[in-house]
Structure formats: structure tokens, C-alpha cells
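Counting in the numbering used here, the sequence shown runs from 13 upward without gaps.
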Amino acid sequence: MLERMLGSGWEVKEGDPSLLVRVVRGGLVHCVDGRKVDQFLVPQKIVRGPKIQGGAEGVALLLAKAQGVSEVDESWFRKACQVIKNSGFVPGVHDFDHLHCGHFNLASQGKFEGMPRFTITAGDMSRIVGEFGGSQVHLAGQHEEYVMRVNWDPNMTLIPNKEAFNLDAWYANVIGINQETLLDNAAKTVMGLSSVRTVEVFG
């Protein structure tokens with residue numbers, strides 16, 4: 013996948029390993045969105061869980077693709093939340109107002125060819141994550157990311173700092189998501205939301 017990104021105009025660099033921090037068990041599986049959480053004191057469990065595009069919403073979509081499921085309904089989303097919980101973390105989404113979740117918007121508009129469709133609403137997803145010990149978080153400000161960071165180092169993550177879209181690719185193997193599909197969808201998400209064409213690789 014990284015070779016294909018190079019061929020389509022992406023610049024691939026080695027990431028700075030000092031940016032990595034260890035995940036917190038029970039942490040929130042959250043979005044790759046680089047914006048900061050809009051709280052004065054942010055609990056470590058919110059920012060130090062694995063990050064996948066869309067958070068729990070993206071996990072549900074990618075698991076559906078991996079298992080040949082054609083749509084993500086409420087029942088399937090609950091299954092995805094249980095998979096996350098079984099992995100030692102809790103499901104998270106960010107608010108669907110303001111700038112919205114870009115991954116969910118792109119998926120809902122059919123921008124991801126060959127991927128399952130959503131029949132569950134954003135409001136229902138926000139409600140359901142709470143039933144599994146997770147939460148919806150509010151992200152502040154505009155997108156300012158200038159790089160995509162892909163981390164392969166198990167049990168490590170990157171803290172959102174407005175600079176980057178942060179993807180923990182290692183988590184795909186933990187929950188049964190195809191890594192090629194994950195990376196392809198992550199790249200399409202970033203390209204659909206920004207002009208970022210630089211990726212830094214960790215691990």
C-alpha cells in the first residue's frame with residue numbers, strides 16, 4: 013500500500029519515534045482526526061487509545077468489509093463495539109456537528125467504492141458507544157493537519173496535536189481488519205478531506 017501511495021504522488025518519510033506514547037488499557041478507540049479534544053483537562057484514556065479513521069464508526073465499516081457484510085446497521089455497530097471492548101479498549105466517536113466526522117460523511121456519500129453502506133444514524137452511534145463504556149468527544153477548531161502518520165509499533169499511539177492525521181495500523185491485526193484495506197481507506201479519507209500527501213511511518 014505504501015508503494016502505491018508513492019506511485020500516486022505521496023511522499024513517504026520515517027517518523028520520529030519520540031512522538032510515540034504507550035496506549036492506556038481501557039482507552040478510547042478514536043478517530044485519526046488531528047484536532048485536539050475540547051476540554052481543559054483531557055483524561056489520558058481519551059487520547060491514548062488506538063486511532064482508526066472514524067473511531068468506532070470506521071471499525072464497524074472495516075469489519076463489515078472484512079466479513080462480507082453489505083451494510084452497517086445498529087446490530088452490526090453493536091458487534092463492532094463489542095469487538096473493541098474485547099480487545100481491551102472502549103469505542104469512541106467524535107461529534108457529528110461542527111465539521112462533522114469526515115470519514116462518516118465520505119462513507120455516507122458513497123465516496124468509498126466497494127465498501128458497505130451505513131443504515132445506522134450518527135445519533136444512534138453516539139448513543140451506543142456509551143453503552144459499551146465509550147464516549148463521544150468534541151474536537152475543537154479547524155483542520156490544520158499537514159501530514160499523515162502511520163504507526164506499526166504495537167501498543168503505542170500518537171497524541172493529537174493539530175499537526176497530523178494519526179493512524180495506528182497495528183490495531184487492525186488485533187481486531188481482524190485487513191491492513192491493506194485499512195491503509196487504502198485511511199489514505200482515501202485523508203485525500204478526501206485535505207491536501208495532505210505526506211506520510212510518516214513509525215515502527
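Ideal Cβ placement from N, Cα and C applies to all residues, glycine included. Nothing here was measured: the structure is a model prediction, and the numbers come from that model.
What does a CB cutoff of less than 8 Å around residue i pick up in its chain, not counting 5 residues either side in sequence?
{"i": "GLU23", "result": "ARG209, THR210, VAL211"}
{"i": "ASN173", "result": "GLY46, LYS48"}
Would you say residue i and residue j are within 8 Å of each other, going by their C-beta atoms?
{"i": "PHE124", "j": "PRO62", "result": "no"}
{"i": "ILE132", "j": "ASP180", "result": "no"}
{"i": "ASN197", "j": "LEU74", "result": "yes"}
{"i": "GLY104", "j": "LEU40", "result": "yes"}
{"i": "PRO128", "j": "GLU83", "result": "yes"}
{"i": "LYS77", "j": "THR193", "result": "yes"}
{"i": "GLY67", "j": "PHE214", "result": "no"}
{"i": "ILE171", "j": "VAL59", "result": "yes"}
For residue i, which residues in the same chain have their Cβ closer than 6 Å to its Cβ, ignoring the five residues on either side in sequence?
{"i": "VAL205", "result": "Strictly speaking, residue 205 in this sequence is Leu, with Val absent from that position. GLY114, listed in sequence order."}
{"i": "TRP182", "result": "TRP164, PRO166"}
{"i": "MET203", "result": "none"}
{"i": "ILE187", "result": "VAL95, SER99"}
For residue i, would you say it is in contact with chain D, using Cβ-to-Cβ distances shorter than 8 Å as the test?
{"i": "GLU192", "result": "The displayed structure is made up of one protein chain only, and chain D is not part of it."}
Excluding five sequence neighbours on each side, which residues of the same chain lie with their C-beta closer than 7 Å to the C-beta of residue i?
{"i": "THR201", "result": "GLN65, GLY114, HIS115, LEU118"}
{"i": "LYS57", "result": "VAL36, GLY38, GLY39, LEU40"}
- Only counting runs of 3 or more residues, tell me where the beta strand (DSSP E) segments fall wholly within the region 171-208, in order along the chain. 176-180
- Could you tell me which uninterrupted beta strand (DSSP E) segments, each at least 3 residues in length, are contained entirely in the region 26-88, listed from first to last along the chain? 32-34
- Segments of 3+ residues assigned as beta strand (DSSP E) that fall wholly inside the region 90-169: Those beta strand (DSSP E) runs which fall completely within the region 90-169 and span 3+ residues are 102-106, 147-149, 159-163.
- Is there contact between the region 27-36 and the region 133-141, where contact requires at least three CB pairs shorter than 8 Å? By the C-beta criterion, the region 27-36 is judged not to be in contact with the region 133-141, since fewer than 3 inter-stretch pairs fall below 8 Å.
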